[in-house]
Each structure stands twice: as C-alpha cells, then as structure tokens.
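Position in the sequence shown counted from 1, then plus 7, gives you my numbering. Don't be surprised by glycine CBs; every beta carbon is placed ideally from N, CA and C.
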Amino acid sequence: MLKDRNSSAIVAVSDLERARAFYEDTLGLAREPGGEEECTLGFRTGDTHLTVYKSEFAGTNKANAVTWRMKGDLVETVKDLKTKGVTFERYDFPGMEWRDGVHEAGPVKLAWFRDPDGNFLHLIEGM
Numbered sequence: 008m009l010k011d012r013n014s015s016a017i018v019a020v021s022d023l024e025r026a027r028a029f030y031e032d033t034l035g036l037a038r039e040p041g042g043e044e045e046c047t048l049g050f051r052t053g054d055t056h057l058t059v060y061k062s063e064f065a066g067t068n069k070a071n072a073v074t075w076r077m078k079g080d081l082v083e084t085v086k087d088l089k090t091k092g093v094t095f096e097r098y099d100f101p102g103m104e105w106r107d108g109v110h111e112a113g114p115v116k117l118a119w120f121r122d123p124d125g126n127f128l129h130l131i132e133g134m
C-alpha cells in the first residue's frame, strides 16, 4: 500500500515570514511553486518536500519534526549552519562523544537543532 510511496514532513510554525527566512535563507531549501498560500509554504528537500504551515500549536512537539539523511557532509553542514546562527543541541547519550555540535558513535554522526519556533530538526549520517 504505502511502502513504495515517498513521504514528506509537515511543520507547524507561528510566523510564516520568519519560517520562510529560516527554511529558505538559513537552511537553503528551495521554495516550491504554488507554495504561497495564505497559511502554508512548500519547500523542495531532496526527492521530497517539506510543508510549513501556520498553527497556534507551533513548537509544541518535543520530538524530531524533520530528519535529513546526510551523505558524508554532516560535519560541514553543521559548520555552515553555525555561521548562519544555528545553535546545536547537546545530549549526554551513553557511548557517544559530542564535538562542535555533532554527536558521534563510531561511523554514526547525529546533530539536532531547532527552528525559530522550537521544532526539533535532525541530521543523521552513517546509519
């Protein structure tokens, strides 16, 4: 039924213009044509898309909202995002080292950060 279908993420935000600036300018996502409705924005991300919509419940999710699978460029991406003002989360996970915004356990690298509404965004490499 759904196993051969692409999925996409949807994130609630409180301010569409602030979200547009973050997702488009800071993260470098390309806006999708037609994603300029009154309450939503659409962005291309790899072979899928991300929808951002205005909601009074923005930032209330305490789990990952969006995850990007990286291809050998996680550390460089973290460095680039830091230059744009993104702050990375630090967690004390057993067996993982944390260095410059990146959690490492052998070949696996993970990084978490938040959008302006506090939604958790996640980068992962090596899994």
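- With a minimum length of 4 residues, the unbroken runs of alpha helix (DSSP H) contained wholly in the segment 23 to 65 fall at 23 to 27.
- Cβ neighbours of MET103 within its own chain (closer than 7 Å, five residues either side excluded): HIS110, GLU111 and ALA112.
- Residue pairing from DSSP places ARG121 in a beta bridge opposite PHE127.
- The continuous stretches of alpha helix (DSSP H) do not include THR67, and DSSP gives it neither H nor E.
- In the structure shown, the three-state DSSP call for THR74 is strand.
- Rounded to whole angstroms, the separation of the alpha carbons of ILE131 and TRP75 is 6 Å.
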